[in-house]
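Letter by letter, the sequence shown follows residues 2 to 638 in the numbering used here. These notes concern the structure reproduced below.
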Amino acid sequence: MKKIVSMCGIVAVTGYKKAIPLLIDGLKKLEYRGYDSAGIAVINSETKEIICNKAEGKLKNLICNVSHTNIEGTIGIGHTRWATHGKPEVKNAHPHVDNSGKVAVVQNGIIENYQELKNRLEKDGVVFHSDTDTEVIPHLIQKELIALNKLKLDNNGSTLLVAVRNVISDLEGSYALAILWAGAPESLVVARKQAPLIIGIGEGEFICASDTPAIANLTKIILPMEDEEIALLTPLGIEIYDSNNERQYRNPISLQISEQVIDKMNFKHYMLKEIYDQPDTAKNWLEKYLVKDSNTGKLEVNYPFDTKFFESIERIEIVACGTSKNAAMVGSYLLQQFSGIPTNVFYASEFRYSPPPLLPNTLTIGVTQSGETADTIAAINMEIKRRSLMSEKRYKPNILAITNRVESSIGRKTSNIIDICAGTEIGVAATKTFFAQLLSFYGLAIKFAQIKGSQSNQNIRELISDLVQLPPLVEELLEKHNKSSAKLAHDFFNVKDVIFLGRGINYPIALEGALKLKEISYIHAAGYPAGEMKHGPIALLDKKVPVISIATPGEVFDKVISNAQEAKARDAYLIGVAPDYSGTEIFDYLMTIPLTSEWISPLISIIPLQLLSYHIAAHRGLDVDQPRNLAKSVTVE
Ligand code: M6R
Numbered sequence: 002m003k004k005i006v007s008m009c010g011i012v013a014v015t016g017y018k019k020a021i022p023l024l025i026d027g028l029k030k031l032e033y034r035g036y037d038s039a040g041i042a043v044i045n046s047e048t049k050e051i052i053c054n055k056a057e058g059k060l061k062n063l064i065c066n067v068s069h070t071n072i073e074g075t076i077g078i079g080h081t082r083w084a085t086h087g088k089p090e091v092k093n094a095h096p097h098v099d100n101s102g103k104v105a106v107v108q109n110g111i112i113e114n115y116q117e118l119k120n121r122l123e124k125d126g127v128v129f130h131s132d133t134d135t136e137v138i139p140h141l142i143q144k145e146l147i148a149l150n151k152l153k154l155d156n157n158g159s160t161l162l163v164a165v166r167n168v169i170s171d172l173e174g175s176y177a178l179a180i181l182w183a184g185a186p187e188s189l190v191v192a193r194k195q196a197p198l199i200i201g202i203g204e205g206e207f208i209c210a211s212d213t214p215a216i217a218n219l220t221k222i223i224l225p226m227e228d229e230e231i232a233l234l235t236p237l238g239i240e241i242y243d244s245n246n247e248r249q250y251r252n253p254i255s256l257q258i259s260e261q262v263i264d265k266m267n268f269k270h271y272m273l274k275e276i277y278d279q280p281d282t283a284k285n286w287l288e289k290y291l292v293k294d295s296n297t298g299k300l301e302v303n304y305p306f307d308t309k310f311f312e313s314i315e316r317i318e319i320v321a322c323g324t325s326k327n328a329a330m331v332g333s334y335l336l337q338q339f340s341g342i343p344t345n346v347f348y349a350s351e352f353r354y355s356p357p358p359l360l361p362n363t364l365t366i367g368v369t370q371s372g373e374t375a376d377t378i379a380a381i382n383m384e385i386k387r388r389s390l391m392s393e394k395r396y397k398p399n400i401l402a403i404t405n406r407v408e409s410s411i412g413r414k415t416s417n418i419i420d421i422c423a424g425t426e427i428g429v430a431a432t433k434t435f436f437a438q439l440l441s442f443y444g445l446a447i448k449f450a451q452i453k454g455s456q457s458n459q460n461i462r463e464l465i466s467d468l469v470q471l472p473p474l475v476e477e478l479l480e481k482h483n484k485s486s487a488k489l490a491h492d493f494f495n496v497k498d499v500i501f502l503g504r505g506i507n508y509p510i511a512l513e514g515a516l517k518l519k520e521i522s523y524i525h526a527a528g529y530p531a532g533e534m535k536h537g538p539i540a541l542l543d544k545k546v547p548v549i550s551i552a553t554p555g556e557v558f559d560k561v562i563s564n565a566q567e568a569k570a571r572d573a574y575l576i577g578v579a580p581d582y583s584g585t586e587i588f589d590y591l592m593t594i595p596l597t598s599e600w601i602s603p604l605i606s607i608i609p610l611q612l613l614s615y616h617i618a619a620h621r622g623l624d625v626d627q628p629r630n631l632a633k634s635v636t637v638e
C-alpha cells in the first residue's frame, strides 16, 4: 500500500478577533514544520460559509493570495505542509473540504488506513479532489453529521464534537486535527493522537496549534492536550474529553518562552549566522553549566540532577535522528571511553520497533533539538511504557532528554532534562544546536567520570579547562575559515560526490559533515569510518571524487593518515581537516585547525565542515535555510 505522508503545522482560532492575521502569524511560526504549500479556511462572519484559500510553495504565496481578498471571519484553521507523497500542489494543500463545502479539516500526521476508508466512501459515490490521506476526514465527518441530524441532535458544536469523535474512532495512524463546520459557526473541534497539539487561552479567543511559538504572540497561558484527547473550543470556553469520553478538568500552565526577535544581522542566511553564533553558544553553555564549587573554588558541571541519579546507572542507550544522532555518537564515544559506561546509540526509528532487551539500571537518553521528532518521542514513550511494566525498582524509568526546547513534547515526558540553551535555530540544517548537544554530552561524560571514578582528577580538570578555552578558539576558526572555505567552495561546488572520513571520536563528525553537505547542497556525500573505506567505498574513488579527511593527533592519527594515503593512491583530491602537524603534508588542501586534545577535537573539526557546506550550497544559489523536501521538525515517522 502506498502511504501518503503529510507532516505539517496546524493552527486554529475562535474568538472575537479577526482570524486571518492570527492564523497567518501562527503559520509563520510553524513554517519550520514544512513549506511545500499552505492554506487557511475561515467561516465568513456574514454568510456563515466556509472560505478556503490555499497556495503552493512557501507561506509568502498564501500571504500574497490572502492580501487580495477581503474575507472577514473570527474563526478559522490554517496549515503549512510537508509532503513526501501527494505532490505539493494546491489540490493537496490543506484545508480539505467535503463536497458540500460545509466541513473543513487541517491535519498533521498520517492516516494509515485512508485507502480502505477512501474505497468505502467512493463506493458510496463520494468524489475525491486530492491525493492526500486527509481528505477522507471531511467526507467522513459530513456523513456522520448527516446521520446525527437524523437523530435530531442540535446544530451546534456538540454535534460536531460527537461526529468527529465517531470518525476518529475509525482512523488508524497518528494525527492532530482541527475542524470547522459551517453548521456551528463559532465552534472548533480539535483532536490529537501521537501528534502534538496545544491550546492557548487568549483574551477573548482560544488558539490551538502544533507548537507553542504559534501561540506565544497571543497568550502565554496554555493547556497542552494529552494523547487521544478531543476538545471543543468556542469563544465562551473549552471542553476537553479523553478517549473514554470522560470530561477532563485541569489547570492551564504558563508558557516559559519569550517571544524572540530573530534577526539575520548582516548575514546572507540564517545558517551562516547560526554557525557564527557558536562562540556564544559555547559561552552560554559554559556559564550555565560550569559553576565554581563553593568549597574547592573549582569549576564543576552543574546539571539539575542529584548524584544518586548518576550512581545507579550501569549502561546507557541513546535514541535520536539525523544530526542529533551524530551528536549522540560523539556522546557515546565519550561516555564509553572517558566515563567507562557501556553505551549504545540507536536510530530512534529503528529502536521503536526493535529495541534491545530491557536491562536493569539503564539510562535512556532522547536527543532532539526540536523536542518534537516523532520517532524519538515514540522511542522514548515506548521505553517509558516498557519499564513501567516491570515491578522491580532497578527497571524504573530512567529517562533523560537533551533538547533545545524544554517546553516541547520530549520536555513533558521527563523531569530529567538538559536544556542545551542554543537559542532559536531557524536554518533547517542544524549547526549551533549540534554544537550545544555535543557540549551537553561533554558535561554528562565529566559527571559520570567523576561519580564512577573512571578518570583521574587531572584528566577531568584538563577536559574542563579545554572546554573553557572553546569560545575564543571557535571565534578564531570562524575568522580563519570563512573566506578560505568560500574559495574552496568555488572550486568544488560542481562535484557530484564527496567522501568524508574520520575515525574514533571524529567518525561521527565525518557523518555530520556529509549530512550537512547533502541536505543543503544536494550533492551526494557519504561519511565513513576511515578504516572501512578499503572494504568497499574505495571503489568509488577517482580524481572526480574529493575526499575530506578529519585527522586530529591522538589515538588514531597515523591510521587516518594511512587511510588518506590509500585514497590519494586512487587519484582522489585530498582535503584535510587537521592541525599543521607532521603527516598532514599529504593533503592537497589543508583546512587547518588548532592542535587540541583529541577529546575536544569534534567541537573544533565540525566548524570548517559547516562553513564548507554552507559556502558550496550558497555558491550553487540554493535555498540554504529551507532546503527542498526538508523540515526543521519531523513530526511523522
Ligand atoms: O529536532 P531533532 O534534533 O530531533 O531533529 C532530528 C533530525 O530531523 C535533524 O537533525 C535533521 O537531520 C536536520 N535537518 C539536520 O541538519
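By construction, the Cβ of each residue, glycine as well, lies at the ideal position given by its N, Cα and C atoms.
Span of the beta strand (DSSP E) around residue i
i, result
"Gly528", "525-530"
"Met592", "590-593"
"Glu513", "Where Glu513 is concerned, there is no enclosing beta strand (DSSP E), although the alpha helix (DSSP H) it sits in stretches over 508-522."
"Gly174", "174-182"
"Val302", "300-302"
Sequence-distant residues of its chain with Cβ nearer than 6 angstroms to residue i (five each side left out)
i, result
"Phe347", "Val320"
"Arg388", "Tyr396, Pro398"
"Glu113", "Glu173, Gly174"
"Pro509", "Asn327, Met330, Val331"
"Pro1", "The chain is shown only over 2 to 638; residue 1 falls outside these bounds and no answer can be derived."
"Gly367", "Val320, Thr377, Ile381, Ala402, Ile411"
"Asn630", "none"
"Ile241", "Glu230, Ala232, Gln249"
Collapsed DSSP secondary structure at residue i in the structure displayed
i, result
"Thr133", "coil"
"Gln116", "helix"
"Lys293", "strand"
"Leu575", "strand"
"Asp467", "helix"
"Ile314", "coil"
"Ser598", "coil"
"Ala632", "coil"
"Met266", "coil"
"Ile587", "helix"
Counterpart residues of residue i in DSSP-defined beta bridges
i, result
"Gly77", "Val14, Val43"
"Cys53", "Ala42"
"Cys9", "Arg82"
"Ser410", "Ser410 pairs with nothing; no bridge assigned."
"Ile551", "Val578"
"Val107", "Ala179"
"Ile202", "Phe207"
"Tyr420", "Note on identity: in this sequence residue 420 is Asp, with Tyr being the wrong assignment. Note: Asp420 sits in a beta bridge opposite Thr404."
"Ile319", "Val346, Ile366"
"His95", "Paired residues: none, contrary to the question."
Residue i: first and last residue of the uninterrupted alpha helix (DSSP H) it sits in
i, result
"Leu166", "It should be pointed out that residue 166 corresponds to Arg in this sequence rather than to Leu. Here the alpha helix (DSSP H) through Arg166 covers 158-169."
"Leu63", "60-68"
"Ser614", "602-620"
"Asp498", "First-last for Asp498: 498-503, but that is the beta strand (DSSP E), not the alpha helix (DSSP H)."
"Val561", "558-569"
"Ile21", "20-31"
"Lys274", "271-277"
"Gly444", "433-453"
"Leu189", "Taken as a continuous stretch (DSSP letters only), Leu189 belongs to no alpha helix (DSSP H), being part of the beta strand (DSSP E) at 189-194."
8 angstroms CB neighbourhood of residue i in its chain, flanking five on each side removed
i, result
"Arg571", "Ile539, Leu542, Asp543"
"Ile461", "Ile447, Ala450, Gln451"
"Asp212", "Gly10, Lys30, Leu31, Arg34, Pro197, Ile199, Glu373, Ser409, Ser634"
"Gly102", "Glu50, Ile51, Ala183"
Cβ-based neighbour list, residue i, same chain, cut-off 7 angstroms, excluding 5 preceding and 5 following
i, result
"Gly35", "Met8, Cys9, Gly10, Thr81, Arg82, Trp83, Ala632"
"Ser350", "Cys322, Asp376, Glu638"
"Tyr582", "Pro554, Leu596"
"Leu612", "Ile276, His482, Asn483, Ser486"
"Gly203", "Gly16, Leu219, Thr220"
Closer than 6 angstroms: residue i CB and nearest the ligand MN heavy atom
i, result
"Ala94", "Questions concerning the ligand MN fall outside what the structure shown contains, since the ligands it does hold are the ligand M6R."
Unbroken alpha helix (DSSP H) runs of length 4 or more, entirely within the segment 211-255: which are they?
Taking 4 residues as the shortest admissible run, the segment 211-255 contains the following complete alpha helix (DSSP H) segments, listed from N- to C-terminal end: 214-217.
May I have a chain-ordered list of the alpha helix (DSSP H) segments no shorter than 4 residues that lie completely inside the segment 324-408?
If one requires a minimum length of 4 residues, the alpha helix (DSSP H) runs lying completely within the segment 324-408 are 349-352, 375-389, in chain order.
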